[in-house]
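If you're matching them up, the sequences are chains A and B in order. Plus 35 on top of the position in the first sequence (first one is 1) and you've got the numbering used here. Plus 35 on top of the position in the second sequence (first one is 1) and you've got the numbering used here. Beta carbons: idealized from backbone N, C-alpha and C, even for Gly. For clarity, every value in this text was computed on a predicted model and none was experimentally measured. Below: the structure, in structure tokens.
Number of protein chains: 2
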Amino acid sequence: MARAPWVKTSGGEAGSRRRQRGRIRIEDVAELAGVSAITVSRVLRTPAIVAEDTRRRVDEAVDRLGYVPNLAAGTLASLKSRLVAVVVPTLRSSVYADTIQGLSDELSTAGYHLMVGYSGYSAELELSVFRAFMGRQPEAVVLTGVEHSPALRRLLRKRKLPTVEIWDLADDPIDIAVGFDNFAAGACVADHLAKAGVRHPAVLGSDPAREARAAKRLAGFTARCQARGLRAPVVEPLIDGMSPEEAESGFRRLVARAPDIDGLFCLNDALAIAAIMEARRLSIDVPGRMRIVGFGDFDLAAHVAPRLTTVRVPGHEMGRRAARRLLDRAEGRKRGQRVEDLSFELVQRESA
Amino acid sequence: MARAPWVKTSGGEAGSRRRQRGRIRIEDVAELAGVSAITVSRVLRTPAIVAEDTRRRVDEAVDRLGYVPNLAAGTLASLKSRLVAVVVPTLRSSVYADTIQGLSDELSTAGYHLMVGYSGYSAELELSVFRAFMGRQPEAVVLTGVEHSPALRRLLRKRKLPTVEIWDLADDPIDIAVGFDNFAAGACVADHLAKAGVRHPAVLGSDPAREARAAKRLAGFTARCQARGLRAPVVEPLIDGMSPEEAESGFRRLVARAPDIDGLFCLNDALAIAAIMEARRLSIDVPGRMRIVGFGDFDLAAHVAPRLTTVRVPGHEMGRRAARRLLDRAEGRKRGQRVEDLSFELVQRESA
DNA sequence: TTGTAGGCGTTATCAG
DNA sequence: CTGATAACGCCTACAA
Numbered sequence: 036m037a038r039a040p041w042v043k044t045s046g047g048e049a050g051s052r053r054r055q056r057g058r059i060r061i062e063d064v065a066e067l068a069g070v071s072a073i074t075v076s077r078v079l080r081t082p083a084i085v086a087e088d089t090r091r092r093v094d095e096a097v098d099r100l101g102y103v104p105n106l107a108a109g110t111l112a113s114l115k116s117r118l119v120a121v122v123v124p125t126l127r128s129s130v131y132a133d134t135i136q137g138l139s140d141e142l143s144t145a146g147y148h149l150m151v152g153y154s155g156y157s158a159e160l161e162l163s164v165f166r167a168f169m170g171r172q173p174e175a176v177v178l179t180g181v182e183h184s185p186a187l188r189r190l191l192r193k194r195k196l197p198t199v200e201i202w203d204l205a206d207d208p209i210d211i212a213v214g215f216d217n218f219a220a221g222a223c224v225a226d227h228l229a230k231a232g233v234r235h236p237a238v239l240g241s242d243p244a245r246e247a248r249a250a251k252r253l254a255g256f257t258a259r260c261q262a263r264g265l266r267a268p269v270v271e272p273l274i275d276g277m278s279p280e281e282a283e284s285g286f287r288r289l290v291a292r293a294p295d296i297d298g299l300f301c302l303n304d305a306l307a308i309a310a311i312m313e314a315r316r317l318s319i320d321v322p323g324r325m326r327i328v329g330f331g332d333f334d335l336a337a338h339v340a341p342r343l344t345t346v347r348v349p350g351h352e353m354g355r356r357a358a359r360r361l362l363d364r365a366e367g368r369k370r371g372q373r374v375e376d377l378s379f380e381l382v383q384r385e386s387a
Numbered sequence: 036m037a038r039a040p041w042v043k044t045s046g047g048e049a050g051s052r053r054r055q056r057g058r059i060r061i062e063d064v065a066e067l068a069g070v071s072a073i074t075v076s077r078v079l080r081t082p083a084i085v086a087e088d089t090r091r092r093v094d095e096a097v098d099r100l101g102y103v104p105n106l107a108a109g110t111l112a113s114l115k116s117r118l119v120a121v122v123v124p125t126l127r128s129s130v131y132a133d134t135i136q137g138l139s140d141e142l143s144t145a146g147y148h149l150m151v152g153y154s155g156y157s158a159e160l161e162l163s164v165f166r167a168f169m170g171r172q173p174e175a176v177v178l179t180g181v182e183h184s185p186a187l188r189r190l191l192r193k194r195k196l197p198t199v200e201i202w203d204l205a206d207d208p209i210d211i212a213v214g215f216d217n218f219a220a221g222a223c224v225a226d227h228l229a230k231a232g233v234r235h236p237a238v239l240g241s242d243p244a245r246e247a248r249a250a251k252r253l254a255g256f257t258a259r260c261q262a263r264g265l266r267a268p269v270v271e272p273l274i275d276g277m278s279p280e281e282a283e284s285g286f287r288r289l290v291a292r293a294p295d296i297d298g299l300f301c302l303n304d305a306l307a308i309a310a311i312m313e314a315r316r317l318s319i320d321v322p323g324r325m326r327i328v329g330f331g332d333f334d335l336a337a338h339v340a341p342r343l344t345t346v347r348v349p350g351h352e353m354g355r356r357a358a359r360r361l362l363d364r365a366e367g368r369k370r371g372q373r374v375e376d377l378s379f380e381l382v383q384r385e386s387a
């Protein structure tokens, strides 16, 4: 057997020096089952078109060898990666985690995997994360929000990559948008507070320049307050829009600035809970002296004392819908409506 | 040019019918730069070994064409995927999100990407998620906890995949473990409560059968209570160990069962916060009549009223350390200690 | 420092 | 329904 070591061998022998020792290839399965490689491939991907008997033999060989298809090879050959790239602002917020689980639930049953990255609320970082992902040939992209670097928009449109923007509605989506109306949500909170008799509203939340969606809620809230003739809201922006730390001190500044505030809209529930707690420390009665509304309906919202009135958003559902739209597209169906507007809901509890 | 359409062409021409229209290959860059493909590859991966001038020409060509290397091809050729598979119990808990960000922070600078999946606290699901990931040829694996399906352990050891188990310490890790001592953490809480004068302790938390790490905290707590001569803890297990909903009703059951409870250990902060809130509703003074300690030091813990005494765990740090160990290994360094014990810390605030 | 040859494991294509 | 053949795009090994 004086054969050069790199000569292609058909299975169990020493094999080429590049092949990974012990890796089982489709070829090995084929040999054991007494069929060709392509038949094994068919059994794995489209069993319906393979004869019953052949299929059984192949399945058995697969089991016996513990064969796992090499998807890198598959991707290369088929130009299909079965990979979806997702970029969210942060993983630390449970709201995006829900959306990711929604995406994953729906996509994994269809055999797709998720690559998840985070942008830290920066369009630049988003672009660079995305660039890094591109090399893996994702078949679709999910982005958060509708504000992106122009370079990214161009890239996506040029490549015609199916793209879903979630958590917001776009006038002119890159491709598809699945979200809800943040402006309307803000307005809805203003309505609720106004009806409850609030005259001097305030807002505690993220820096509008950093978080576009929170800024829209703020804008909707402010506009509606004005329309209803309330005093213009006192706004206390925070650097980190999710930090209870900042919410606590921000709340104190707010009361110092305008002691007559009788209604507070917190741009998310983490802030709202922190505010309720600080109100208690300052002996400000909620909702007696001040009504407080949050946003997001986090798990704890229903359980703090007083229970938090807040806006419930379809986090998980957005993920599922986005996934569905992508799968429809992958299966060649047409795009349908470009913007899908899911609904939010004001959940009235005790705090307002 | 009566050339068959599938003849390999060198770039701009019609090309084979399988090639994706408009995709730019390394070959195209090479042609534009007037070098060979392998030189382009070197410029991208090991610029140091390429002549200054050549490098510049190649970089320019890359920019001009907007070339993005196809990592599926790279993976296939090099047998290196630059992919790390991570499985956590759930994405909904911020504690694992921290760890994932820690992993990602460290690995992404080294050019690795993360595939993240979740097991829902089930060893079976963990295995199936992992199986799905295997096809992408991950170079390393990160698992949560030390309880895994035997099939998974076998698989990992056989393939010699670098594996880190996080969030717990193992007697016999599959490969490497980076975590902290959950048993000791529970004991530490018992010490704290005992020193504060607690005599009738209780525990609120997840079903020990479902969550091994929480079960260890419980075991440590119970053992230490006994050692210190306290009454055996009254335990109220919850089905979903992260649910404030269940915590609220569980707390009520607890007080009904044993009205003289004067110290409560909640197996995580979400439960602890819910318990504090329910205590307020029941007019049970915390810490006056009952001391409450949480676990995890969630963002809100420091801001509820009363501020929550809890155990801080190194979530982000575990991710970073795990990543470092993996990178060390990838760079051929030896494994070092098999079990790395990071420290936790009891943070005393107002609730106990 | 750069290039040539050929393989990595799979699937598209077309023929039987 | 099954198989032979040739890509897919890049990188390792070796040569120059």
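Reference residue i; option with closest CA among the options
i        : options                                : result
B/Met150 : B/Leu160, B/Val119, B/Glu161, B/Ala158 : B/Val119
B/Ala340 : A/Gly354, A/Thr345, A/Ser318           : A/Ser318
B/Ser284 : B/Leu111, B/Met312, B/Leu162, B/Gly264 : B/Met312
A/Ser143 : B/Val97, B/Arg166, B/Ala249            : B/Arg166
B/Ala112 : B/Arg355, B/Gly232, B/Gln172, B/Arg248 : B/Gln172
B/Phe218 : B/Asp203, B/Arg90, B/Glu352, B/Gly109  : B/Asp203
A/Gly323 : A/Arg266, A/Arg54, A/Ala387            : A/Ala387
B/Leu89  : B/His351, B/Ala222, B/Leu67            : Leu is not the amino acid found at residue 89 of chain B; the sequence shown has Thr there. Comparing Cα-Cα distances from B/Thr89 to each of B/His351, B/Ala222, B/Leu67, the minimum goes to B/Leu67.
A/Ala337 : B/Leu190, B/Ser278, B/Gly367, B/Glu246 : B/Ser278
B/Gly57  : A/Ala358, A/Lys193, A/Gln372, A/Gly276 : A/Lys193
B/Gly350 : B/Ala132, B/Glu95, B/Lys115, B/Ala108  : B/Ala132
A/Leu191 : A/Ala205, A/Glu174, A/Glu141           : A/Glu174
A/Val70  : A/Arg360, A/Arg91, A/Arg80             : A/Arg91
A/Ala231 : A/Ala293, A/Ile209, A/Gly298           : A/Gly298
B/Ala107 : B/Val130, B/Ala83, B/Gly170            : B/Gly170
A/Arg364 : A/Val199, A/Val130, A/His227, A/Leu126 : A/Val199
A/Arg287 : A/Asn303, A/Ala309, A/Ala267, A/Arg266 : A/Ala309
B/Met353 : B/Asp140, B/Pro104, B/Leu126           : B/Asp140
7 Å Cβ shell around residue i - same chain, five flanking residues per side excluded
i        : result
A/Val85  : Thr74, Arg77, Val78
A/Tyr156 : Pro124, Arg245, Glu246
A/Arg356 : Val213, Glu375, Leu377
A/Arg54  : none
6 Å Cβ shell around residue i - same chain, five flanking residues per side excluded
i        : result
B/Ala225 : Phe256, Arg259, Cys260
B/Ala220 : Arg252, Val346, Phe379
B/Glu48  : Note that B/Glu48 has pLDDT 39, beneath the 50 cutoff, so the model's placement of it is unreliable and the number below is only indicative. Closer than 6 Å at Cβ, skipping near neighbours: no residue.
A/Ala39  : Unreliable placement is indicated for A/Ala39, whose pLDDT of 35 sits below 50; the coordinate value is still reported in the next sentence. Excluding residues within five positions, none has a Cβ falling inside 6 Å.
Contact set for residue i: own chain, Cβ-Cβ below 8 Å, skip 5 residues either direction
i        : result
A/Ile296 : His235, Pro236, Ala237, Val269, Leu289, Val290, Met325
A/Val164 : Val122, Gly152, Tyr153, Ser154
A/Gly273 : As written in the sequence, residue 273 of chain A is Leu, which differs from the Gly given in the question. Answer for A/Leu273: Leu239, Gly240, Ser241, Asp242, Glu281, Ala282, Gly285, Leu306, listed in chain order.
A/Glu161 : Val122, Ser154, Leu178, His183, Ser184, Leu187
A/Gly101 : Ile59
A/Arg248 : Gly180, Trp202, Asp203, Asn217
A/Arg342 : Ala336, Arg384, Glu385, Ser386
A/Ser45  : Unreliable positioning characterises A/Ser45 in this predicted model, as indicated by a pLDDT of 38, which lies under 50. A coordinate reading is not provided.
A/Gly146 : Arg117
B/Glu95  : Ala68
Beta-bridge partners of residue i, as assigned by DSSP
i        : result
B/Ser241 : B/Leu273
A/Ile201 : A/Thr179, A/Val213
B/Arg326 : B/Gly298
A/Asp376 : A/Gly214
B/Leu381 : B/Val346
B/Pro236 : B/Gly298
Taking only runs that begin and end inside the stretch 57-98 of chain B, name each unbroken beta strand (DSSP E) of 3 or more residues, in chain order.
None, since the stretch 57-98 of chain B contains no complete beta strand (DSSP E) of that length.
Taking beta-carbon pairs under 9 Å, can you tell me which members of the stretch 159-187 of chain A lie near chain B?
Only Val164, Arg166, Ala167, Phe168, Met169, Gly170, Arg171, Gln172 from the stretch 159-187 of chain A bring a Cβ to less than 9 Å from some Cβ of chain B.
What residues in the stretch 105-132 of chain B have a beta carbon less than 7 Å from any beta carbon of chain A?
Of all residues in the stretch 105-132 of chain B, Asn105, Leu106, Ala107, Ala108, Thr110, Leu111, Leu114, Ser116, Leu126, Arg127, Ser129, Ala132 have a Cβ within less than 7 Å of some Cβ in chain A.
Residues, ordered as in the chain, of the stretch 327-353 of chain A that lie near chain B by beta-carbon distance below 7 Å:
Residues Asp334, Leu335, His338, Val339, Ala340.
Name, going along the chain, the residues of the stretch 71-92 of chain B whose beta-carbon falls closer than 9 Å to a beta-carbon of chain A.
The stretch 71-92 of chain B vs chain A, Cβ under 9 Å: nothing.
With 9 Å as the C-beta to C-beta threshold (strictly closer), list the residues of the stretch 53-64 of chain A near chain B in chain order.
Those would be Arg53, Arg54, Gln55, Gly57, Arg58, in chain order.
Entirely within the stretch 118-190 of chain A and at least 3 residues each: give me those beta strand (DSSP E) ranges in chain order.
The stretch 118-190 of chain A contains these whole beta strand (DSSP E) runs: 118-123, 148-153, 175-179.
If you measure beta-carbon to beta-carbon, which residues of the stretch 293-317 of chain B are closer than 8 Å to chain A?
Along the stretch 293-317 of chain B, the positions whose C-beta sits under 8 Å from a C-beta of chain A are Ala305, Ile308, Ala309, Met312, Glu313, Arg315, Arg316, read in chain order.
Chain B contacts made by the stretch 138-149 of chain A, where a contact means CB separation under 9 Å
Closer than 9 Å at the C-beta level to chain B, one finds these residues of the stretch 138-149 of chain A: Ser139, Ser143, Gly146, His148, Leu149.
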